[in-house]
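Using UniProt numbering, the first residue of the sequence shown is number 1, and each one after it goes up by one.
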Amino acid sequence: SIYSIINIIKKKKLTQQYTKLLSQKKSSEVRLGQISEQIAPFLKGFSYDPRNTKFLGQPIDLISFEQDKVVFIEVKTGKSQLSQKQKNIKSLIEKGKVFWEVFRISGDEIAPENNQDT
């Protein structure tokens with residue numbers, strides 16, 4: 001019947017509008033998250049000196065170089081969760097799998113230095 005066809009068309013249009021609104025909402029949430037990552041060191045309640053905190057963005061938002069420690073910081077807004085990559089990085093840090101390396105550039109090549117104390 002004609003009413004069934006009209007209802008199908010209306011439903012399709014509503015579904016398209018809903019999908020568009022969801023996309024816009026998600027885009028806004030992503031932008032809010034990106035802004036929040038960069039202003040976090042200056043917000044009340046941030047535990048580290050903003051002058052010692054550097055923005056990385058991906059895959060970890062911030063790193064803070066304090067006198068007695070180096071802290072990796074992930075900023076989340078709303079209900080967002082750690083990505084699988086971030087969970088893996090967190091696990092590596094917790095297991096002490098973090099290292100310091102110095103590489104030396106010579107001409108058009110780069111190589112690790114043998115003496116890691118430099």
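Glycine is no exception: its CB is placed at the ideal position from the N, C-alpha and C atoms.
Can you tell which of the options has the C-alpha that lies nearest to the C-alpha of residue i?
i: F103; options: P112, I2, D68; result: P112
i: T77; options: I63, S106, I39; result: I39
i: N52; options: Q67, N114, G45, S1; result: Q67
i: S80; options: R31, K20, I8; result: R31
i: D49; options: I6, S23, K69; result: K69
i: K90; options: W100, F72, E101; result: F72
i: E101; options: E94, G33, I110; result: I110
i: L82; options: Q58, S64, I9, K13; result: Q58
Give the range of the beta strand (DSSP E) segment to which residue i is assigned.
i: K54; result: 53–55
i: E109; result: 109–112
i: I93; result: No beta strand (DSSP E) holds I93; the alpha helix (DSSP H) holding it covers 84–94.
i: V102; result: Counting along the chain, V102 falls outside any beta strand (DSSP E), and DSSP gives it neither H nor E.
i: V75; result: Per DSSP, V75 belongs to no beta strand (DSSP E) and is neither H nor E.
i: F65; result: 62–65
Cβ of residue i within 8 Å of Cβ of residue j?
i: P41; j: L56; result: no
i: Q86; j: I60; result: yes
i: V75; j: S27; result: no
Could you compute how far the alpha carbon of residue i sits from the alpha carbon of residue j?
i: G107; j: K54; result: 30 Å
i: Q17; j: F46; result: 39 Å
i: K10; j: Y3; result: 10 Å
i: T19; j: K95; result: 42 Å
i: L14; j: E29; result: 22 Å
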